[in-house]
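Undergrad: Below are the structure tokens for one structure; questions will follow.
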Amino acid sequence: MFNFARSRAAASALRSSKNAFTPSRIPGLAQQQRNLSIHEYRSADLLRQYGVGVPKGSNATSAAEAEKIAKEIGGEDMVIKAQVLAGGRGKGSFDNGLKGGVRVIYSPTEAKMFADQMIGHKLVTKQTGAAGRLCNSVYICERKFARREFYLAILMDRASQGPVIVSSSQGGEQCIEDAKDTIQKLYQIFIEKDATQIEINPLSETSDHQVLCMDAKFGFDDNADYRQKEVFQWRDTTQEDAEEVRAAESGLNFIKLDGDIGCLVNGAGLAMATMDIIKLNGGQPANFLDVGGGATPAAIKEAFELITSDPKVTAIFVNIFGGIVRCDAIAHGLINTAKTLNLKVPIIARLQGTNMEQAHQLINDSGMKIFSIDDLQSAAEKSVQLSKVVKMARDIDVGVEFSLGI
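Structure below.
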């Protein structure tokens, strides 16, 4: 269905613009890891700034404002879209029973009515989970009828460490020049704004042969926040997990998962391996948490607070390789955190590297119920076993305490 830069417009655009925008000139291209997503109305505004054709529209944060915007747009065919950072909005449903986060409207009165039912309510889609995401505003735009529709995206290709254009194999010849111009402008946005993804679905040719981006999805490199101040002011943290936002503010790389074994690890690769070995032993990780090279006692305390904020957690597996950090400093942080937070779940600590012997001694002498285990397999196995014990105790509503075999 899709080809890499196979359409004439895409190939021509690449040839014309490769001298102006060279991917290899982008510093830190290979280090991109996490992406900022922005709302559709922000994407449309950014496209307009670069002269890319989009349907006329504006964002509203209240029902009255939605009615006013609809009057300004005029006409009898418009679309109102809930501004929620999730796919499947059209087939989603709100917590008040309204079906569909994307609706065709025919008057300012309808714009006001639907905006009132969308704003301030949570939209549940296939991507949000049962909790849904809060809709704080709606985007109202012209409804355009397309002669042809295409898929177009510019994505970051990790293999070549540069952007690639992906386009549909279907397309017309009459709008080839406009399409070429649009692709060049999109590529300019991609480079100048440190984007990792621009997805136009659909890119449409209207009945009067205009080329318009009907819907746009953007992703931006989080590592570029220091030089993309305007773009990163658009971040809507209400659309993100509260714990993940808190972790990012503390310099921790945290992603919540559905399991019950909390993980605290330094290094993304070791964190992935830790989750793998937990799964291999029949357990389910509750999170991905990489404290990086800054595994200070304060960072450990913050990490434990994030992990234990999840009521599903039944055990915590700490897996630290002391290269940059010292294991004895980690041990001090573990002991103090366990005392301060009065943790009720077992902690399994595997500390390897610099000053590991001192770390083991500190843990053993602390009197805290921290299982200090050197072998990775044994530590993972113990984590899964203890997690099952705690879960079983919770299921039958009884307390459980552990006696350390160390």
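For the sequence shown, the numbering used here assigns the number 613 to the initial residue and increments by one for each residue that follows. Cβ coordinates follow ideal geometry from the N, Cα and C atoms, glycine included. These numbers were taken from a predicted model, which means no experiment stands behind them.
1. Please report the residue range of the alpha helix (DSSP H) in which G945 lies.
2. Using only alpha-carbon positions, find the residue among F832, G669, S779 that is nearest to E804.
3. Flag this pair as yes or no: are the beta carbons of G879 and P897 separated by less than 9 Å?
4. Buried or exposed: where does Y838 fall if 16 or more other Cβ atoms within 10 Å of its Cβ makes it buried?
5. Taking DSSP as the reference, what is the three-state secondary structure of D902?
6. Drop a sphere of 10 angstroms on the beta-carbon of P720, count the other beta-carbons inside from all chains shown, and report buried for 16 or more, exposed for fewer.
7. Just the Cα atoms here: how many angstroms apart are V691 and A723?
8. Just to confirm, is the Cβ distance from K792 to S655 under 9 Å?
9. At what residue ranges does the stretch 757 to 838 contain a whole run of the alpha helix (DSSP H), taking only runs of 4 or more?
10. Closest to I717 by C-alpha separation, out of I932, P909, E754, would be which residue?
11. Quick one: grab the DSSP three-state call for N976.
12. Could you check the C-alpha separation between S649 and R847 for me, to the nearest Å?
13. Looking only at its chain, what residues have a beta carbon closer than 8 Å to the beta carbon of A676, apart from the 5 residues adjacent to it on each side?
14. In chain order, what are the residue ranges of uninterrupted alpha helix (DSSP H) at least 4 long that sit wholly in the stretch 678 to 762?
15. Out of T908, R715, S749, R745, which one is the CA nearest neighbour of Q695?
16. Distance, Cα to Cα, A885 vs F916?
17. Look at the alpha carbon of F844 and the alpha carbon of L767, and state the distance between them as a whole number of angstroms.
18. List the DSSP bridge partners of L963.
19. From the DSSP output, in three-state form, read off I889 for me.
20. Relative to the C-alpha of Y662, which residue among D689, D790, Q800, M730 is closest?
21. From A807 to L798, what does the alpha carbon distance come to, in whole angstroms?
22. Under the rule that 16 or more other beta-carbon atoms within 10 Å means buried, what is V666, buried or exposed?
23. Our contact map puts A1005 next to I890 with C-beta atoms below 8 Å; I'd like the distance itself, whole angstroms only.
24. Out of G699, P775, R962, which one is the CA nearest neighbour of D940?
25. V1010 to S921, Cα distance in whole Å?
26. Does the beta-carbon distance from F933 to I960 come in below 9 Å?
27. Identify which residue in E761, V778, A698 has its Cα closest to the Cα of A743.
28. For F726, does the count of other Cβ atoms within 10 angstroms reach 16, so buried, or fall short, so exposed?
29. Look at the alpha carbon of N647 and the alpha carbon of A859, and state the distance between them as a whole number of angstroms.
TA: This is what the structure holds:
1. Translated into the one-based positions of the sequence shown, residue 945 becomes position 333. Going by DSSP, G945 is part of the alpha helix (DSSP H) stretching over 939 to 953.
2. Indexing the sequence shown from 1 puts residue 804 at position 192. For E804, the closest of F832, G669, S779 by C-alpha to C-alpha distance is F832.
3. As a position in the sequence shown, residue 879 is number 267, starting the count at 1. As a position in the sequence shown, residue 897 is number 285, starting the count at 1. For G879 and P897, no; Cβs fall outside 9 Å.
4. The residue labelled residue 838 in the question sits at position 226 within the sequence shown. Y838 is exposed by the Cβ-count criterion.
5. Taking the sequence shown and counting its residues from 1, the one referred to as residue 902 is at position 290. Correct three-state label for D902: strand.
6. For this step, residue 720 is matched to residue 108 along the sequence shown. Its Cβ being crowded by 16 or more others within 10 Å, P720 is buried.
7. Translated into positions along the sequence shown, residue 691 becomes position 79. Translated into positions along the sequence shown, residue 723 becomes position 111. For V691 and A723, the distance between alpha carbons rounds to 9 Å.
8. Mapped onto the sequence shown, residue 792 falls at position 180. Mapped onto the sequence shown, residue 655 falls at position 43. Going by C-beta atoms, K792 is not nearer than 9 Å to S655.
9. For the stretch 757 to 838, whole alpha helix (DSSP H) runs of length 4 or above, ordered along the chain, are 788 to 804.
10. For the purposes of this step, residue 717 is identified with residue 105 of the sequence shown, where counting begins at 1. Of I932, P909, E754, the residue nearest in Cα terms is E754.
11. As a working note, residue 976 is residue 364 in the sequence shown. Reduced to three states, the DSSP call for N976 is helix.
12. By one-based count along the sequence shown, residue 649 stands at place 37. By one-based count along the sequence shown, residue 847 stands at place 235. Distance between the alpha carbons of S649 and R847 is about 7 Å.
13. The sequence position of residue 676 within the sequence shown is 64, counting from 1. The answer, listed in chain order, is K724.
14. Within the stretch 678 to 762, the complete alpha helix (DSSP H) runs of at least 4 residues are 720 to 730.
15. As a position in the sequence shown, residue 695 is number 83, starting the count at 1. Taking only the C-alpha atoms, the option nearest Q695 is S749.
16. The residue given as residue 885 occupies position 273 in the sequence shown. The residue given as residue 916 occupies position 304 in the sequence shown. Cα to Cα, A885 sits roughly 20 Å from F916.
17. The residue labelled residue 844 in the question sits at position 232 within the sequence shown. The residue labelled residue 767 in the question sits at position 155 within the sequence shown. Linking F844 to L767 through their CA atoms gives a straight-line distance of about 19 Å.
18. Numbered from 1 along the sequence shown, position 351 holds the residue referred to as residue 963. In the DSSP output, where bridge partners are listed per residue, L963 has I932.
19. Mapped onto the sequence shown, residue 889 falls at position 277. It is helical.
20. Numbered from its first residue, the sequence shown carries residue 662 at position 50. Comparing Cα-Cα distances from Y662 to each of D689, D790, Q800, M730, the minimum goes to Q800.
21. Counting from 1 along the sequence shown, the entry for residue 807 is found at position 195. Counting from 1 along the sequence shown, the entry for residue 798 is found at position 186. The alpha-carbon of A807 is positioned some 10 Å away from that of L798.
22. Translated into positions along the sequence shown, residue 666 becomes position 54. V666 should be labelled buried.
23. Sequence index remark: in the sequence shown, residue 1005 carries index 393 (1-based). Sequence index remark: in the sequence shown, residue 890 carries index 278 (1-based). In this structure A1005 is not in contact with I890, their Cβ atoms being roughly 20 Å apart against a cut-off of 8 Å.
24. Taking the first residue of the sequence shown as position 1, residue 940 is located at position 328. Among G699, P775, R962, the Cα nearest to that of D940 belongs to R962.
25. Here residue 1010 refers to the residue found at position 398 of the sequence shown. Here residue 921 refers to the residue found at position 309 of the sequence shown. One C-alpha to the other measures close to 21 Å.
26. As a working note, residue 933 is residue 321 in the sequence shown. As a working note, residue 960 is residue 348 in the sequence shown. Their beta carbons are not under 9 Å apart, which means F933 does not touch I960 by this criterion.
27. Translated into the one-based positions of the sequence shown, residue 743 becomes position 131. The closest CA to that of A743, considering only E761, V778, A698, is found on A698.
28. Stepping through the sequence shown from its first residue, residue 726 is reached at position 114. It counts as buried.
29. Within the sequence shown, the letter at position 35 stands for residue 647. Within the sequence shown, the letter at position 247 stands for residue 859. Looking at the two C-alpha atoms, the distance is approximately 15 Å.
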